[in-house]
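*Asks:* Supplied in structure tokens, the structure appears directly below.
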Amino acid sequence: MFKLLLSKTLLLLLSAAFIFTVAACSGNDEAEEAEAESFTLPQLTEERADAATMVLVSAPPVQPEDHVNRWNAEQQEASCLTCHENEDTGAAMLPDDHYIDNNRENDVYRTYCIQCHGEQKDDKPGFNRDAGD
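Numbered by mature numbering (1 follows the signal peptide of the UniProt record, and there is no 0), the letters in the sequence shown go through residues -23 to -1, 1 to 110 in order.
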């Protein structure tokens, strides 16, 4: 009985060693040769050290200062679409991804504009506070 258990254990260990050896030797050499794609943050290249002046990558545009307090919560997106859905006003049109199924024929899907397009204010109390404040 002991001899059978010993031979099964030995067979198991040899099988495991073989599997690990094959796995280690069959590595993907191409992965080692591929260079990592470099990515540079605009914040670093534009020498913007303060968090309050940083440009966020792929961030939606914020409302300009003259739009502050134009959002009407009762009207939801209608308070913005008065201009931004009318080409005659010259205001930027909503991108397709704001509509259901990315189709301008459908209703607007994103209806709470200020959730992403926040108000731009010069007063940024959460950023760059002096230690004495």
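Glycine included, C-beta positions come from ideal geometry on N, C-alpha and C. What you are looking at is a predicted structure, and each value in this text was computed from that prediction instead of being measured.
Tell me whether ASP43 counts as near the ligand MN, meaning its Cβ is closer than 7 Å to at least one heavy atom of that ligand.
*Replies:* This structure simply doesn't include the ligand MN, nor any ligand for that matter.
*Asks:* Rounding to the nearest angstrom, what Cα-Cα distance links SER(-9) and VAL(-2) in this structure?
*Replies:* Computed Cα separation, rounded: 11 Å.
*Asks:* Within this structure, are the beta carbons of ASN83 and TYR89 separated by less than 8 Å?
*Replies:* Going by C-beta atoms, ASN83 is not nearer than 8 Å to TYR89.
*Asks:* Could you have a look at GLN92 and say whether DSSP puts it in helix, strand or coil?
*Replies:* Residue state, collapsed to three classes: helix.
*Asks:* How is VAL39 classed by DSSP in three states: helix, strand or coil?
*Replies:* Residue state, collapsed to three classes: coil.
*Asks:* Would you identify the three-state DSSP class for VAL(-2), choosing helix, strand or coil?
*Replies:* The answer is helix: DSSP assigns VAL(-2) an H, G or I state.
*Asks:* Compare the Cα-Cα distances from ASN49 to each of LEU(-11), GLN92, LEU(-12) and report the closest residue.
*Replies:* The option with the nearest alpha carbon to ASN49 is GLN92.
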